[in-house]
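Before any comments, here is the structure.
There are 2 protein chains.
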Amino acid sequence: MSDAKNDQSSESRERARKEPGDAESTGRFAYDGLERVIHEKARLGILASLMSHPEGLLFNDLKDLCSLTDGNLSRHLQLLQESALVEIWKGMRRNRPQTLVRLTDAGRKRFAEYISVLESVVADAVAASVAAGSSATSRAATPRLPLPKGFSPA
Amino acid sequence: MSDAKNDQSSESRERARKEPGDAESTGRFAYDGLERVIHEKARLGILASLMSHPEGLLFNDLKDLCSLTDGNLSRHLQLLQESALVEIWKGMRRNRPQTLVRLTDAGRKRFAEYISVLESVVADAVAASVAAGSSATSRAATPRLPLPKGFSPA
DNA sequence: GATGTTACTTTGCTATGTAAAGCAATCGAG
DNA sequence: CTCGATTGCTTTACATAGCAAAGTAACATC
């Protein structure tokens, strides 16, 4: 990965292609912390449900809470288990098989980390909304922004 | 499929399989509002970037901000455009093609709605964490919860 | 005019979410 | 005791979709 700064020597000949003091830090909106395993509607719901039910949830309750189909839930649980986010226990209640799902400690932790990234996403969005709403900023009072000249539709 | 309520008569004999006053409302954690088009790491980043830059962003700036590859960004922009979330303008700057991307008004709106759902996800998670931390609740002080008897590992 | 750079687009592979079908155990009716 | 229905999941199959790598086009440079 070496020193990215040095590449500038061969590039910043006659045009500073990126104002040095620019607030646009690279990767600012990459949201690296959004783990694929967690960042998925269904799984997000499952994990949230389990957070609210530390004692665990039965397959069917989970299914209802997240409005998932059987197969769907089954699949996602597999994945979550393989990722060590949940633990799955099999038992019998009223002569029927019953599956109990619980967050692992690691799962709780990783979910918490994920959520903290989500919070920053929300914070970014809110900040942007506020900025857009204020008067002196770029968007100002104009309902539609004029385009930089020389641009035409897609 | 008839009347689901009536099925209860044949079921709620000796076990109310779902306490009527139960807080577990069906679909509580379904998070329906998490639009597929928006709920995607890369696209989420793109939209967040654009929220913070109402005047629009150039292809390459967007690429850097979101740490995406060219192809990747191109593909996502297509999708976002097809969903009418962004508008894309082609132009020439310094004898090079330049693509400017901006949120549409609809895009801004739908993103805001999405974000409000995200906020509720975060709220749920925080609420759960708080509940778990308190003393009198189910998790209490035990580091590991005992399993309901009759359950064995996956 | 050949090589390189910038700025994207297109293509192809792979992974994944989702619906539909499958399976095993039990229950209830006749 | 056999038959069909129900419960509680699992497995399979497919269509989407993300992602990387290759491709294209316009200019710039040597």
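If you read the protein sequences in the order shown, they are chains A and B.
First residue of the first sequence: 108, per the numbering used here; consecutive thereafter.
First residue of the second sequence: 108, per the numbering used here; consecutive thereafter.
Heads up, the beta-carbon is just placed ideally off N, CA and C, and yes, glycines get one too.
DSSP links A/F258 through a beta bridge to B/G198. The C-beta of B/I195 comes closer than 8 Å to at least one C-beta of chain A. Contact between the segment 133-140 of chain B and the segment 190-203 of chain B is not established, with fewer than three Cβ pairs separated by less than 8 Å. Inter-residue distance for B/S156 and B/A234 is about 29 Å (C-alpha atoms, whole angstroms). Contact annotation for B/I222 against chain A: V228, V229, A232 and V233 [CB-CB distance below 8 Å, chain order].
Classified as buried, B/E194 has 16 or more neighbouring CB atoms from the shown chains inside 10 Å of its CB.
Residues of the same chain with a CB within less than 8 Å of the CB of A/Q188, apart from the 5 flanking positions on each side, are E194 and I195 in chain order. With contact defined as three or more Cβ pairs closer than 8 Å, the segment 220-237 of chain A and the segment 164-181 of chain A are not in contact. For A/L172, the enclosing alpha helix (DSSP H) has its first and last residue at F166 to C173.
For the segment 166-186 of chain A, the residues whose beta carbon sits under 7 Å from a beta carbon of chain B are, in order, D168, D171, L172, C173 and S174. Taking a contact as a CB-CB distance under 8 Å, the pair A/G257 and B/G198 counts as one, their CB atoms being some 4 Å apart. When the Cα atoms are used, A/L207 and B/D171 turn out to be separated by approximately 44 Å. For A/V237, the enclosing alpha helix (DSSP H) starts and ends at D212 to G240. The three-state reading of DSSP puts B/L154 in helix, counting H, G and I together. Counting only residues of its own chain and dropping the five nearest sequence neighbours on each side, B/H146 has a CB closer than 8 Å to the CB of Y221. B/T211 has a beta carbon lying at 8 Å or more from every beta carbon in chain A. In this structure, the beta-carbon distance from B/L151 to A/V228 falls below 8 Å. For A/R203, the nearest beta carbon of chain B is not closer than 8 Å to its own beta carbon. CA-CA distance, A/H183 to A/V224, rounds to 22 Å. B/L186 sits in a helix when the DSSP states are folded into three classes. Here DSSP, grouped into helix, strand and coil, assigns A/L141 to coil.
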